[in-house]
Structures are given as C-alpha cells and as structure tokens.
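First comes the structure, then the notes that go with it.
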Amino acid sequence: MSFAFGIGIGTQNNQGEWLEVFYQQPVMTPDNTLMDVISNALDYKGGNQAISATPEQLSQLANALRQIGQTDQAALADKAATSKRPVVVTVLETDDTASSTPEVYLKLHLISHRMAKPHGLKLDGIFGLLPNLAWTNEGAIDLNELSDRQLQARLEGRTLEVKSVDKFPQMTDYVVPKGVRIADTARVRLGAYVGEGTTVMHEGFINFNAGTEGTSMIEGRISAGVMVGKGSDLGGGCSTMGTLSGGGNIIIAVGENCLIGANAGIGIPLGDRCKVEAGLYITAGTKVALLDDNNELVEVIKARDLANQTDLLFRRNSQTGAVECKTNKTAIELNEELHANN
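Here the working numbering is used: position 133 in the sequence shown is 700, and no number is missing along the way.
What follows is the structure, given as structure tokens:
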C-alpha cells in the first residue's frame with residue numbers, strides 16, 4: 568500500500584517548471600487495486616513521482632478507475648482530461664523527503680484536508696522546492712514573467728492584482744475545511760490544519776504545518792509547527808514561538824482549554840487548562856517564581872521546567888515585575904514531580 572496519491576491541475580512557467588498544483592481529491596494510503604490501475608494507465612514504475620499526464624492517458628485512467636468502483640476519482644480524471652492547464656498525477660509510495668513541487672503541494676493539501684496532522688508528514692527541504700511567486704487574481708505567476716503579464720493585462724484593459732509575493736498561497740484558494748470561520752483568508756497558509764469549530768479572526772494567523780484541533784478562537788499567531796488543542800483561545804496579538812524562530816528542537820504546543828491573553832506569548836509547550844496573562848511572553852529560559860496555594864515562594868525555576876504541565880497560571884507581579892506561576896495543585900507537589908528524575 569502506497570502513502571498518497573492525487574490528480575492535480577497546476578501552473579507552469581514559460582520554461583515548463585511547476586509553480587503550484589491544486590488537488591481537489593487527494594487520497595491517503597491508496598489501496599493496491601488503485602495503484603495497479605495507475606501503474607497500467609500511466610506506466611508508473613514505483614517510488615515517488617510527479618507524472619505529467621496527457622488527455623489520452625487521463626481518459627484511459629478514468630475508464631480504469633470506473634471499472635474498480637473509484638467513481639469520484641474517475642470523474643476527476645475525466646474532467647482533468649479537458650483541462651486547459653497542465654495536469655500532474657502525483658504518487659507518493661513513501662513519506663520520503665519531497666523532490667518536486669507537485670509532491671510538496673500534495674503533502675500540504677493532505678494537512679489542510681485534515682488527512683494528516685502537523686508533524687505527521689516529512690516536510691524537511693520543502694522551501695527549496697517552493698518557488699517564490701506572485702499570487703494574483705489570475706493565479707500564480709513566475710516573478711520573472713510578472714512584468715510582461717502586468718503589461719498585457721493593461722493593454723487588454725484589465726488590472727492584474729498582486730495579492731502577495733510568497734512561497735505559500737492562502738489555504739482557501741485550495742481547501743476550505745468544513746465547519747470553520749476565517750475572517751481574513753490571506754492569514755491562513757496552505758498546509759494549515761484548521762479543526763472543525765475553529766474561528767480565525769481578522770488578526771489571527773495560522774502557518775503551514777500548524778493549526779487547531781477545533782472549537783478554538785484564534786486572534787493571535789500560530790507559528791509553524793504549533794498545534795492548539797480543542798477549546799483553547801489565543802487572544803488578540805498573542806504569539807506562539809515556532810521552531811523556525813528560535814524554539815530550537817522544542818515542539819511548541821498548546822493543550823486543551825487554555826487561554827493565552829492579548830499580546831502574550833509562549834516559547835514552551837503548555838499542558839491542558841493553562842493560562843498566560845495578557846502581555847506576558849514566556850520563553851524557555853524565563854525565570855519563574857513558583858508559588859504555593861498561599862502565594863508563598865517555593866522556588867525560582869526556568870519556564871522550560873514547566874513544559875507540558877497542566878493547570879498552570881502564568882502572571883507578572885505588578886509590583887515587583889517577577890514572572891509567577893500558580894497551579895491548582897500545590898506548588899510543592901508540582902516541584903517534586905519536576906525533579907523526580909533529576
């Protein structure tokens with residue numbers, strides 16, 4: 568059984584290089600029968616491949632897919648055979664490091680379609696395979712070809728709108744998951760996992776390989792690699808530190824039913840039911856005063872020692888400026904847990 572498969576409609580530049588690919592119905596772990604059909608119709612010999620398909624090959628593939636009961640994929644192949652854009656059939660036998668732009672786009676689609684979760688796919692090396700493009704109201708355009716396209720549009724009485732210049736497109740141009748609200752779609756990148764019940768407000772942002780389990784209110788930033796648990800809210804202007812921005816090898820995450828206040832931030836993973844006071848940014852090396860139930864100081868420790876612990880309240884003492892942490896457990900019990908394996 569292979570890893571993934573998708574029939575994609577894409578864009579190429581004037582040199583025939585792939586710029587982006589849209590997969591309406593990607594398939595995770597296609598069965599052997601489906602793979603046999605692909606092998607016969609497209610002369611697929613195994614491995615990870617992005618196969619440029621002709622209309623004749625796609626029609627043959629559609630007929631073979633119907634014979635094995637894959638009616639949805641057959642209908643997609645039939646439509647792809649009439650495409651004015653280039654068509655690629657991408658097959659991933661394994662989740663190895665991608666070697667082409669269509670392979671990267673298939674993996675990003677799998678995450679945004681909720682078929683795979685952040686950190687569930689191998690995404691190392693993808694930046695070198697994603698060209699920096701002009702994302703316009705007429706689709707993706709190679710930056711070297713943009714000026715000519717802008718001129719041509721003007722000559723024809725149109726204005727070519729450049730919405731962004733980036734390696735990643737906005738997710739909703741490719742995938743709109745069920746049961747979500749996204750106030751500003753430009754702030755959610757393809758490759759984001761947006762769980763059902765999530766609301767992303769205008770200043771909210773979700774990077775690729777990051778996202779929410781669901782039922783979350785996102786008014787802050789979810790950086791690459793960060794997953795937010797169900798029922799957790801990120802206040803306006805708050806931030807989560809991704810591994811690309813100084814987090815090292817620590818995987819930052821937010822547990823269930825947490826609250827990160829406005830303009831606050833975290834550089835450690837939070838367990839369930841944690842709160843971070845508005846305006847307080849906690850990094851792994853932040854010195855934290857651990858308090859007991861009577862607000863008495865037990866010990867000063869680094870925030871990394873509290874990673875993944877549940878039921879914590881982080882706050883800043885308004886008189887001394889010290890960062891403090893309280894817990895529903897007594898601080899002494901928590902301290903014993905922290906140092907049990909020292």
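Every residue, glycine too, gets a C-beta built ideally from N, C-alpha and C.
| query | result |
| --- | --- |
| Is the region 618 to 633 touching the region 695 to 709, taking contact as three or more C-beta pairs under 8 Å? | no |
| Give me, in chain order, the residues of the same chain whose beta-carbon lies closer than 7 Å to that of His-769; leave out the 5 immediate sequence neighbours on both sides. | Ala-750, Asp-751 |
| Can you find at least 3 beta carbon pairs, one from the region 731 to 749 and one from the region 637 to 646, that sit closer than 8 Å? | no |
| What does DSSP give as the partner residue(s) for Ala-856 in the beta ladder? | Val-867, Glu-891 |
| Just checking my contact of Gly-762 with Glu-786 at CB under 8 Å: how many whole Å lie between their CB atoms? | Incorrect: roughly 16 Å between the Cβ atoms, too far for contact. |
| I'd like the list of long-range same chain contacts for Glu-705, defined as Cβ closer than 7 Å, with 5 residues on each side in sequence excluded. | Leu-727 |
| Taking Cβ to Cβ, would you say Thr-877 is nearer than 8 Å to Gly-838? | yes |
| Taking 7 Å as the limit between beta carbons, can you name the residues of its chain near Arg-681, skipping five residues before and five after? | Pro-744, Tyr-760 |
| With a 10 Å radius around its C-beta and 16 neighbouring C-beta atoms as the bar for buried, classify Gly-748 as buried or exposed. | Strictly speaking, residue 748 in this sequence is Arg, with Gly absent from that position. The residue in question, Arg-748, is exposed, as its Cβ has fewer than 16 Cβ neighbours within 10 Å. |
| Let's see if you can read the secondary structure: which residues bound the alpha helix (DSSP H) around Gln-717? | 710 to 722 |
| Evaluate contact between the region 789 to 807 and the region 817 to 830, counting only Cβ atoms and requiring at least three cross-stretch pairs below 8 Å. | yes |
| Mind checking whether Arg-652 and Ile-576 have CB atoms under 8 Å apart? | yes |
| Hey, is Leu-864 close to the ligand ADP, as in C-beta under 7 Å from one of its heavy atoms? | By its list of ligands, the structure shown contains no ligand whatsoever, and the ligand ADP lies outside what it can speak to. |
| Roughly how many angstroms lie between the CA atoms of Gly-814 and Ser-569, to the nearest whole one? | Residue placement at Gly-814 is poorly supported in this model, since its pLDDT is 45, which falls under 50; the coordinates still yield a value, given next. Roughly 33 Å between the two C-alpha positions. |
| Does Val-793 come out as helix, strand or coil in the three-state DSSP assignment? | coil |
| Please state whether DSSP places Phe-775 in a helix, a strand or coil. | coil |
| Considering only DSSP beta bridges, list what Lys-842 is partnered with. | Leu-826, Leu-880 |
| Kindly indicate which residue of Gly-809, Arg-883, Ile-868 has the alpha-carbon position closest to the one of Lys-842. | Arg-883 |
| Check whether the Cβ atoms of Val-821 and Val-855 lie closer than 8 Å to each other. | no |
| Just the C-alpha distance for Ser-812 and Val-755, rounded to the nearest angstrom, thanks. | Below a pLDDT of 50, predicted positions are generally treated as unreliable, and Ser-812, at 48, falls in that range; the measurement from the model is reported next regardless. Going by the C-alpha atoms only, they are around 18 Å apart. |
| Express the C-alpha separation of Lys-684 and Gly-746 in angstroms, rounding to a whole number. | 17 Å |
| Just checking my contact of Glu-660 with Gly-692 at CB under 8 Å: how many whole Å lie between their CB atoms? | Glu-660 to Gly-692, Cβ: 18 Å. No contact. |
| How many angstroms separate the CA atom of Ser-714 from the CA atom of Gly-583? | 18 Å |
| Taking the alpha carbon of Val-594 as the point to measure from, which residue in Asn-875, Leu-677, Arg-716, Lys-893 has its own alpha carbon closest? | Leu-677 |
| So, under 8 Å CB-CB, Phe-572 and Leu-601 are touching, yes? Tell me the CB distance rounded to an integer number of Å. | 7 Å |
| Taking Thr-850 as the reference, give the member of Arg-840, Val-865, Lys-869 with the closest Cα. | Lys-869 |
| On a CA-only basis, which of Asn-776, Thr-668, Lys-730 is nearest Ala-791? Give me that one, please. | Asn-776 |
| Mind checking Ala-898: buried by the 16 CB within 10 Å criterion, or exposed? | Low confidence applies to Ala-898: its pLDDT is 49, below 50, so where it sits in the model is not reliable enough to give any reading. |
| If you compare alpha carbons, which of Ala-665, Gln-591, Ser-626 is closest to Asn-607? | Ser-626 |
| I'd like to check one pair, Val-658 with Ile-574: are the Cβ atoms closer than 8 Å? | no |
| Pick helix, strand or coil for Leu-757, following the three-state DSSP scheme. | coil |
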